[in-house]
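Numbering (my numbering), first residue to last: 52 to 147. Ideal placement from N, C-alpha and C gives every residue a C-beta, glycine not left out.
And the structure:
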């Protein structure tokens, strides 16, 4: 059970960030990000039928876009991004 529409748990936002860094694909935190996070956390580990074992089966995940939903999460994601970013800010003017 999630927190509700457009309400993201910190681990969902961290997943969206890490997925973007790992793949270059941006996930929105309202639909695609939540859906893929919970698929990876709940469906794959609890594959009692074995249908995802061995890499013989394909899974189609339909990315529905919606990356504009990231703008609403800037405040929630800022600390995580600053703490975990592999990028460093350039001090081009000597003020930082």
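Item: Cβ pair count under 8 Å reaching 3, the segment 81-89 against the segment 132-146; Value: no
Item: Rounded separation between residue 61 and residue 109 - CA only; Value: 29 Å
Item: For residue 77, three-class secondary structure by DSSP; Value: coil
Item: Helix, strand or coil at residue 59 [DSSP, three-state]; Value: coil
Item: Pairwise C-alpha distance: residue 143 and residue 111; Value: 44 Å
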